[in-house]
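So for the sequence shown, the numbering used here puts the first residue at 12; every next one is plus one. Note that CB positions come from ideal geometry on N, CA and C, so glycine has one too. Structure, as structure tokens:
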Amino acid sequence: MALLVNHLEQISLSAKSISELEFPPPKIFTNALLNNQEITTLIRDTEPHERALFSIDPNAISRNRPQNGFRSADNKNGLQGRKSGVSFAHPMKQSAVSALLGKEMLQEIRQSSSGRSREGVNVEVLLRGAERLCEVYTVAGATERIRALRNRHRDVASSIAMLEDKVSRQQSLLDRTNQALNSQEGRDENDLEQDRINHNAILGLVDEDFQVEEEEIRELEARKKALEERVSGMERDLGGLLK
Numbered sequence: 012m013a014l015l016v017n018h019l020e021q022i023s024l025s026a027k028s029i030s031e032l033e034f035p036p037p038k039i040f041t042n043a044l045l046n047n048q049e050i051t052t053l054i055r056d057t058e059p060h061e062r063a064l065f066s067i068d069p070n071a072i073s074r075n076r077p078q079n080g081f082r083s084a085d086n087k088n089g090l091q092g093r094k095s096g097v098s099f100a101h102p103m104k105q106s107a108v109s110a111l112l113g114k115e116m117l118q119e120i121r122q123s124s125s126g127r128s129r130e131g132v133n134v135e136v137l138l139r140g141a142e143r144l145c146e147v148y149t150v151a152g153a154t155e156r157i158r159a160l161r162n163r164h165r166d167v168a169s170s171i172a173m174l175e176d177k178v179s180r181q182q183s184l185l186d187r188t189n190q191a192l193n194s195q196e197g198r199d200e201n202d203l204e205q206d207r208i209n210h211n212a213i214l215g216l217v218d219e220d221f222q223v224e225e226e227e228i229r230e231l232e233a234r235k236k237a238l239e240e241r242v243s244g245m246e247r248d249l250g251g252l253l254k
């Protein structure tokens, strides 16, 4: 009995010494191995709008679920992907971003961004989509940048409209001048001398007008090229902002 007491005392002392040891608490990767954690909790403390970026639309899963009550292997993988924060389905069909924008705006963005669109990129649609995303996913400075891009697009559009109107007026003036020159050929022989004098005067004015018009056309073409470059820069900025 005395021998057993000695062993019990030794075991008690060993257990007490082990309990007094300091071990570091389990860290994020230890928890990841032991528990089924969301990916955002393994990175850092995330905000609700940030966690939405790694989530999928639950309505999309309910729509894709078979009506006969049996789940296929793809659906099982989709549900497991939902738990782990990774979606195996098409992101545009199930992402929280697509659910936030809505079907109509997504369709407008696709049509505007496609190369087959005759009207070009609809900048206003892209800006409205960016504003809607910024209402949920806060990005520092994004609101001011969107406002600046909208003002810039408005100025460029008004400048293009003004230049197109000026080109139209100049084309109309050129057509009238050509008609006046052509009408000189159908007059009677009695007016040839007077026509010759008038013709020389008109030619002098027309040559000067042509030179002025050509200079204005070259200036307009240069301004048009600069405006097109600015619009291209806006498209690149909007593309980077939406991404």
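Query, Result
"Taking its Cβ as the centre, do 16 or more other Cβ atoms sit within 10 Å of V147, making it buried, or is it exposed?", "exposed"
"Tell me, please, whether the stretch 235-253 touches the stretch 160-173 by the rule of three or more beta-carbon pairs shorter than 8 Å.", "yes"
"Identify whether V150 lies in helix, strand or coil by the three-state DSSP scheme.", "coil"
"Using a C-beta cutoff of 8 Å, does E225 count as contacting chain C?", "Of the chains in the structure shown, none is chain C; there is only one protein chain."
"If we ignore side chains and look at the alpha-carbon of each, how far apart do S109 and A172 end up?", "34 Å"
"DSSP three-state call for G113: helix, strand or coil?", "coil"
"For V16, report the span of its alpha helix (DSSP H) as first-last.", "13-30"
"Kindly list the residues whose CB is nearer than 6 Å to the CB of K177, restricted to its own chain and excluding five residues on each side of it in sequence; keep chain order.", "none"
"Tell me whether V242 sits in a helix, a strand or coil according to DSSP, three-state version.", "helix"
"Nearest to D248 by alpha carbon, out of V134, Q222, E230, Q181?", "V134"
"Within 10 angstroms of the Cβ of I29, are there 16 or more other Cβ atoms? Answer buried if so, exposed if not.", "exposed"
"Does the beta-carbon of A7 have 16 or more other beta-carbons within 10 angstroms, so that it is buried, or is it exposed?", "Residue 7 is absent from the structure shown; the chain starts at 12 and stops at 254."
"Ordered along the chain, which non-local residues of its own chain (more than five positions away) have a Cβ less than 7 Å from that of S170?", "L238"
"Rounded to whole angstroms, what's the CA-CA distance from E232 to V223? Just pull it up for me.", "14 Å"
"Among D220, Q118, I157, A159, which residue has its Cα nearest to the Cα of T188?", "D220"
"Measuring alpha carbon to alpha carbon, tell me which residue in T149, C145, L138 is nearest A159.", "L138"
"Got a sec? Which residues, its chain only, sit under 8 Å from K87 by beta carbon, not counting five neighbours each side?", "Low confidence applies here, because K87 scores a pLDDT of 41, under 50, leaving its location unreliable; read the following figure in that light. For K87, where only same-chain residues beyond five positions count, there are no Cβ hits under 8 Å."
"Rounded to the nearest angstrom, what separates Q21 and L14 at their Cα positions?", "11 Å"
"Taking only the alpha-carbon atoms, compute the straight-line gap between Q118 and G152 and give it to the nearest angstrom.", "27 Å"
"Is it buried or exposed, L24, if we count other Cβ atoms within 10 angstroms and call 16 or more buried?", "exposed"
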